[in-house]
Ligand code: NAP
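Numbering (the working numbering), first residue to last: 2 to 480.
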C-alpha cells in the first residue's frame, strides 16, 4: 500500500485538501485501516474543474492518433501491472485476487477498445433530399466531464468512462466511491506516467459526495455528467443536471432475471448461474438477482446450484484459494441477511447457506433459496450479495411477465435450446442486455446499459464514444 498515492490529483499535481482533511480507507475483511486519503471539499472541486476547463481546448485539439496511442500505452502498462492493481482492488473492495485480476483485464480492455475508436470519429457529407443544399456534420468533444463511480468495480467503472472521454478529447474530474478511492488514484498515476497532459484527468476522493458533486454541477463550464451507482442517487443527479442542462449518462441499479426453461442444458445453466450470480460476490449491477426456473427442472437445478455454491471457499480476498470475499460493509451484510430471513418467513426453503457468519469482517455465505414466492421482497430489490432466490414458472408467457415485473431493466439471462423462443425473448424482455446461454454479458466491445430505472446511455461498443461527442451541422448551398 505504501506505493499508492493518498492525495488529490489536480492539474497534474498531487495535493492535500485545502483544509488538510483526511479520511480512512478500510479493509472490509477486518476493518483495519489501509490508508489515510485526502478528503476533497468544495474548494478542491473548484480547483479540479478549473484545471479541466483550462486543459480542454488544447486537449480537444490534439490529433486523434495521439490520444489513441496514449490509451494504447495505458492499456499495455495496466496489463503489465495487473497484479499490483489487483492487490489494491482486492484490499480496498474485498474481492478475491483472481476476480480483481479479472477486473484489471476487463478495465484495461476499455483503453484498448477506445484507443482503436479514437481515430474512427467522423461526420458525414450528404445532399439534402431536394438537392438544393449540402448537409455536413462534424463531431466535437462535449467538453469537461464529471464522473461519479461506485465501489464495486473500483477500476473498470472508471475506465469505461475515462477511455472514451480521452478518445473523444474531453477533460474530466473523477469522484471515486469513498470506500474504494485508492485504485483510481493509482490509475491517475499510471495515466500521468504514459503522458496524459496535466488537467485532462483530475481525481477527487471525498467523504462529501453530495456537496462536492453539487458544486461541480452548479458550474456552467461542466458539460457532461456520467454516473454509475444506485438509481436513487442517479435521480438526484438527473434533477441537478437540469439547471445547466448538462448531458447525462446514467448506469444505475439492476434486478436481473435468470430464466431457465424446461429445454435448457441444465449443467450449462448451473455453470452460467455461478458466473451471473457469484461474479463479484453478487455485488454487481448485472448480477442474476432472481432465478425463474421451469417447475419441471427447478428441483434438479436448485440441488446442483446449491452444491456448487455451498462448496465455495469464503475468506479474505488475498488468501490462497478464496473464492468469495467479504461484502463491502456491515450494512450490506444486514441488508442481505434480512432479505433472506424475510424470504424464509414467506415460505422459501434454504438449499445452502442462509446463516450470517460470526466474527470479524463483513462475510455472508453463498446461499440458495428454493420456492421463493414471486411477491417476496428479495425478488423486488437488488440483493447485492451471494444469494440465489429461485421461483418457479410453468409457461413462457408467465416467465416473461415475471421477468419484466420490475422497475429495473439492465441485464437479463435465459437458458433455452429453442431458437424461436430465443428470438421472442429478445423482442419481449424489457432489458438493455440479454445473455442467451451465457452468464456474462459485459464486454468492452458491446454497448452496456439499461432501460427504465436502470438508466440511459451506453458504455463500450461503438455507442460508448458517442456519449462524449456533440454533433455540429453545417448547411451549404449546392452548386
Ligand atoms: P451509490 O450509493 O449510488 O454511490 C455511487 C457513487 O455516488 C459513489 O461515488 C457515491 O459516493 C456517490 N454519491 C452518493 N450520494 C451522492 C450524492 N448525493 N451526490 C453525488 N454523488 C453521490 O451506489 P453504490 O452503493 O456505491 O453502488 C452500488 C449501486 O451501483 C448499485 O445500485 C448497482 O447496481 C449500481 N451499479 C450500476 C452499474 C451499471 O453499470 N449500471 C455498475 C455498477 C454498479 P460515496 O462513496 O461517498 O457514497
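Beta carbons are placed, not taken as given, at the ideal position from N, Cα and C, and that holds for glycine.
The segment 109 to 126 makes no contact with the segment 345 to 360; the number of CB pairs closer than 8 Å stays below 3.
If you draw a straight line from the Cα of residue 395 to the Cα of residue 24, it comes to about 53 Å. DSSP places residue 105 in no beta strand (DSSP E) but in the uninterrupted alpha helix (DSSP H) bounded by 98 to 118. Here residue 203 is bridged, per DSSP, to 174. At least one heavy atom of ligand 1 is found less than 8 Å from the C-beta of residue 153. In this chain, residue 380 is not harboured by any beta strand (DSSP E), its DSSP state being neither H nor E.
Of all C-beta pairs linking the segment 313 to 330 to the segment 267 to 283, three or more are shorter than 8 Å, placing the two stretches in contact. The three-state secondary structure of residue 66, taken from DSSP, is helix.
Here residue 416 really is in contact with residue 273; their C-beta atoms are around 6 Å apart, less than 8 Å.
Taking 8 Å as the cut-off, the C-beta of residue 242 does not count as close to any heavy atom of ligand 1. Look at residue 364 here: in three-state DSSP terms it is coil, with no helix or strand label. Contact between residue 466 and residue 270 fails: their C-beta atoms lie close to 35 Å from each other, not under 8 Å. For residue 437, the enclosing beta strand (DSSP E) starts and ends at 434 to 437. Linking residue 404 to residue 344 through their CA atoms gives a straight-line distance of about 18 Å. Taken through DSSP and simplified to helix, strand or coil, residue 36 comes out as strand. Here residue 221 is exposed, its C-beta having fewer than 16 other C-beta atoms within 10 Å. Around the beta-carbon of residue 418, fewer than 16 other beta-carbon atoms lie within 10 Å, marking it exposed.
With a contact defined as Cβ atoms closer than 8 Å, residue 5 and residue 183 qualify at about 5 Å. For residue 342, there is no enclosing beta strand (DSSP E); the residue is part of the alpha helix (DSSP H) that begins and ends at 331 to 346. Closest by C-alpha distance to residue 445, out of 51, 435, 459, 436, is 459. Ligand 1 approaches residue 253 closely enough that one of its heavy atoms is under 8 Å from the residue's Cβ. Each residue's CA atom was taken as its position, placing residue 7 and residue 187 some 9 Å apart. Between the segment 125 to 133 and the segment 64 to 79 there are fewer than three C-beta pairs closer than 8 Å, too few to call the two in contact.
Under the three-state reduction of DSSP, residue 453 is assigned to helix.
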